[in-house]
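Numbering (my numbering), first residue to last: 48 to 306.
Here a beta-carbon is modelled for each residue, glycine too, at the ideal position from N, C-alpha and C.
Everything on this sheet refers to the single structure shown next.
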């Protein structure tokens, strides 16, 4: 990691989107990827439409900070989509601290990354098939938020999604010569959400089996409960949750209601 990273506050659509926590501002030197007022998809992502930012910039020494503001430090190749239309091949990484996708046309270290505009029609599909898109969700405190989530499973009704969370923890100076300093660090953790495509709002996956079963429609509860019991699935494991939601997506609701 470079010894010095520029942390920028990005202005989007004429307003300033301020991202701050403590004294650390983890962002790239960035201008914002913009689009025309007509929202013409063919012109949505063009370098001619890049909008400069009047960002307030601060810097901080990162040599003694553990971890990274990025889920994956290196830019990864993938495709940018607007709806179903592919806009091209780019290189991107997710800044989990600032909650934004940083994107470049090439993987050159000389090219300055830009922050992708927050638009629900945009999604970035990495070559490893992970897809990131802006999603509305209800967090565990009941707050309605919009952030980039990773799609873990796809289906006609339910989608399992992952929320990468990176927080900054300030270090502490040693109280005396017998103790060591506690370094500042970025901490990565994840939360799993389920998107109900009928409402387009994601909610935190319940930690209890009974509450997870209650999440489903009446026509699905009995079958989902039977699957969990038959296969001894543990809802604490992502692979087991994938089985549950894949199964729920396969249920024929018309037949279930008739039964």
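Item: Are the beta-carbon atoms belonging to residue 249 and residue 288 less than 8 Å from one another?; Value: no
Item: Going by CA-CA distance only, name the one from 266, 175, 261 that's closest to residue 199.; Value: 175
Item: Apart from the five residues just before and just after residue 192, which ones in its own chain have a Cβ nearer than 7 Å to its Cβ?; Value: 184, 186
Item: Drop a sphere of 10 angstroms on the beta-carbon of residue 221, count the other beta-carbons inside from all chains shown, and report buried for 16 or more, exposed for fewer.; Value: exposed
Item: Do you know offhand how far residue 203's Cα is from residue 147's?; Value: 27 Å
Item: Is it buried or exposed for residue 257, if we count other Cβ within 10 angstroms and need 16 for buried?; Value: exposed
Item: Taking the alpha helix (DSSP H) that residue 293 belongs to, which residues open and close that run?; Value: 285–297
Item: May I have the straight-line CA-CA distance separating residue 206 from residue 282, to the nearest angstrom?; Value: 15 Å
Item: Name the residue from 231, 163, 268 whose alpha carbon lies nearest to the alpha carbon of residue 128.; Value: 163
Item: Name the residue from 271, 113, 123 whose alpha carbon lies nearest to the alpha carbon of residue 178.; Value: 123
Item: The alpha helix (DSSP H) with residue 270 in it runs from where to where?; Value: 265–278
Item: What does the alpha-carbon distance come out to for the pair residue 80 and residue 161?; Value: In this prediction, residue 80 has a pLDDT of 46, which is less than 50 and means its spatial position is unreliable; what the coordinates show is noted afterwards. Near 6 Å, if we compare the C-alpha coordinates of residue 161 and residue 80.
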